[in-house]
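Colleague: Under this note's numbering, the first residue of the sequence shown is numbered 58, with each subsequent residue one higher.
Sharing a structure, written as structure tokens. Questions coming.
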Amino acid sequence: MLGLPKADLEAFVGEMGSKPFRARQLMNWLYKRGEGDIAAMTDLAKDFRAELVTRAEVSVPAIVKTQVASDGTRKWLLDGGGGQAYEMVYIPEEDRGTLCISSQVGCALDCSFCSTAQQGFNRNLTTAEIVGQVWLAHKVLGGELGWQVGDNRIITNIVFMGMGEPLANFRNVVPAIRIFLDDLGFDISRRRVTLSTSGIVPQIYKLAEEVNCALAVSLHAPNDDLRSQLVPINRKHNIAELLEACWHYLDEQNGRSVTFEYVMLDGVNDQREHAVELARLLKDKPAKLNLIPFNPFPGTDYRRSPQIAIEKFRDELMQRGLIVTVRKTRGEDIDAACGQLAGQVTDRTIVRLGSKTFGLQVRA
Ligand code: SAH
Numbered sequence: 058m059l060g061l062p063k064a065d066l067e068a069f070v071g072e073m074g075s076k077p078f079r080a081r082q083l084m085n086w087l088y089k090r091g092e093g094d095i096a097a098m099t100d101l102a103k104d105f106r107a108e109l110v111t112r113a114e115v116s117v118p119a120i121v122k123t124q125v126a127s128d129g130t131r132k133w134l135l136d137g138g139g140g141q142a143y144e145m146v147y148i149p150e151e152d153r154g155t156l157c158i159s160s161q162v163g164c165a166l167d168c169s170f171c172s173t174a175q176q177g178f179n180r181n182l183t184t185a186e187i188v189g190q191v192w193l194a195h196k197v198l199g200g201e202l203g204w205q206v207g208d209n210r211i212i213t214n215i216v217f218m219g220m221g222e223p224l225a226n227f228r229n230v231v232p233a234i235r236i237f238l239d240d241l242g243f244d245i246s247r248r249r250v251t252l253s254t255s256g257i258v259p260q261i262y263k264l265a266e267e268v269n270c271a272l273a274v275s276l277h278a279p280n281d282d283l284r285s286q287l288v289p290i291n292r293k294h295n296i297a298e299l300l301e302a303c304w305h306y307l308d309e310q311n312g313r314s315v316t317f318e319y320v321m322l323d324g325v326n327d328q329r330e331h332a333v334e335l336a337r338l339l340k341d342k343p344a345k346l347n348l349i350p351f352n353p354f355p356g357t358d359y360r361r362s363p364q365i366a367i368e369k370f371r372d373e374l375m376q377r378g379l380i381v382t383v384r385k386t387r388g389e390d391i392d393a394a395c396g397q398l399a400g401q402v403t404d405r406t407i408v409r410l411g412s413k414t415f416g417l418q419v420r421a
């Protein structure tokens, strides 16, 4: 049932011969009370409940491993079946709690600085698995802290910045976003649900028509030559096309700005000339820039730009009128930082093969 947004849940109870209000009752149990046991949903008519048990279930991802970092960041490794796993990360802050969720097991996009890319693509997560992550995190954290699922102090923000490319799993991601935003669902404001994409341009146009949420884009380079090396999808959809899609997205949605993510790679994209070019690209545009210190992982040749270089880069951009923030790296001691999620129980040989076949299809 966690895979069904309101309209689908209504259709489902309709098929069972019930009125739409049953769907609202169900959502109340699922999302406000955090009840996963149909038998315990006591205000549903007995007959309806009995039939529901035979036709539906509330299934949530199984936790393989939980890690808590010294800064309070938590990472859960979740069972994806068949020896596969995916990860989600909770980042507590003074005034908010951000849940970073996965949309796929692995990823096919092959960004050269991302650890998830190394394991290749395995499969799309279902809507129920995507929503199930948020449901599960609420349940676990709520249990520890004595809060309810519907208590919006636990998870105030949801970001699709875990494993996978959400726009490559459009079909399952969009209904999940609907449930996050629905006031009968998790009731999170549209500015606090962020989809981060590497830049699958046609899907950005499609997204603009389907849901209303914040958009983040992994830019990482100020020109096509460099971006194509770092983010291979750029060979298919270049920076100019990508930016046009972003501005269209904002127009359609009445949004304020797009956040552009920029990973800071020592000697690769962090020089003064890159800042100058980047400023030219985004000046006077509805854009925010988020600099992400590179998080290393085994086998990578990239190095994180030194702190001083990051600050100089930021200042250079700010002087040119851009709005820039530097992402605070969290959960480093448990490999929970951006780009470090790799679903560690996976069988690399099998995944690698999957990646090769799929990667070729993507580029063709
Ligand atoms: N596929 C989506 C979401 C993935 S990750 C996307 O590409 O946007 C969220 C962010 O972390 C992206 O901006 C991604 O480029 C960045 N990232 C990936 N690997 C990283 C690493 N090793 N260090 C820092 N950031 C990284």
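Ideal Cβ placement from N, Cα and C applies to all residues, glycine included.
Here the structure is a predicted model, which is why all the values come from computation and not from measurement.
(1) Going by the C-beta, is M218 closer than 6 angstroms to any heavy atom of the ligand SAH?
(2) Return helix, strand or coil for Q418, following the three-state DSSP convention.
(3) Less than 6 angstroms between the CB of V35 and some heavy atom of the ligand SAH, yes or no?
(4) At the level of alpha carbons, what is the spacing between Q161 and Q175?
(5) So, for I257: in the same chain, excluding its five sequence neighbours on each side, which residues have a beta-carbon less than 6 angstroms away from its beta-carbon?
(6) From K369 to T251, what distance separates their C-alpha atoms?
(7) Restricting to Cα atoms, I'd like to know which of K132, D282, P350 is closest to V392.
(8) Would you check if the distance between the CB atom of M321 and the CB atom of F351 is smaller than 7 angstroms?
(9) Would a C-beta distance cut-off of 7 angstroms place A302 and Y359 closer than the cut-off?
(10) Would you call the stretch 321-331 in contact with the stretch 288-300, where contact means no fewer than 3 C-beta pairs closer than 8 angstroms?
(11) Could you check if I349 belongs to the surroundings of the ligand SAH, using beta carbon to heavy atom distance under 6 angstroms?
(12) Please state the DSSP three-state secondary structure of K89.
(13) Looking only at C-alpha atoms, which of Q260, E92, L283, V381 sits nearest to G189?
(14) Is there contact here, the stretch 227-246 with the stretch 73-89, by at least three beta-carbon pairs under 8 angstroms?
(15) Can you tell which of N280, N347, L264 has the C-alpha that lies nearest to the C-alpha of Q310?
(16) Please classify M220 as buried or exposed, where buried requires at least 16 neighbouring CB atoms within 10 angstroms.
(17) I need the DSSP call for N291, collapsed to helix, strand or coil.
(18) Can V162 be considered in contact with the ligand SAH, in the sense that its beta carbon sits closer than 6 angstroms to one or more heavy atoms?
(19) Provide the residue(s) that pair with N326 in DSSP beta bridges, ordered along the chain.
(20) Please find out if some non-hydrogen atom of the ligand SAH comes closer than 6 angstroms to the beta-carbon of S285.
(21) Can you tell me the Cα-Cα spacing of I296 and A366, whole angstroms?
(22) List the endpoints of the continuous alpha helix (DSSP H) containing S172.
(23) By DSSP, does N179 sit in helix, in strand, or in coil?
(24) Would you mind working out which of N269, D341, D372, S253 sits nearest F317, comparing C-alpha positions?
Modeller: Put simply:
(1) The answer is yes for M218.
(2) At Q418, the pLDDT of 22 sits below 50, so the modelled position is not reliable; the number obtained from the coordinates is stated separately. It is helical.
(3) Beyond the ends of the chain as shown, which are 58 and 421, falls residue 35; an answer cannot be given.
(4) Each residue's Cα considered, the two are about 14 angstroms apart.
(5) Result list for I257: L224, in chain order.
(6) Those two C-alpha atoms are separated by around 28 angstroms.
(7) It is worth fixing the name first, because residue 392 is Asp in this sequence and not Val. Ranking the options by Cα distance to D392, first place goes to K132.
(8) Yes. Within cutoff.
(9) Not a contact, by the Cβ cut-off of 7 angstroms.
(10) With a cut-off of 8 angstroms, the stretch 288-300 and the stretch 321-331 do not count as touching, because too few Cβ pairs lie within range.
(11) Yes - the ligand SAH has a heavy atom lying nearer than 6 angstroms to the Cβ of I349.
(12) The answer is helix: DSSP assigns K89 an H, G or I state.
(13) With distances taken between CA atoms, G189 lies nearest to E92 out of Q260, E92, L283, V381.
(14) Because the criterion of three Cβ pairs below 8 angstroms is met, the stretch 227-246 and the stretch 73-89 touch.
(15) Looking at the Cα atoms, L264 is the closest of the given residues.
(16) M220 comes out buried.
(17) The answer is helix: DSSP assigns N291 an H, G or I state.
(18) Every heavy atom of the ligand SAH is 6 angstroms or more from the Cβ of V162, so no.
(19) Paired residues: none, contrary to the question.
(20) No.
(21) Distance between the alpha carbons of I296 and A366 is about 24 angstroms.
(22) Residues 172-175.
(23) In the three-state DSSP reduction, N179 falls in the strand class (E or B).
(24) Measuring from the Cα of F317, the nearest candidate turns out to be S253.
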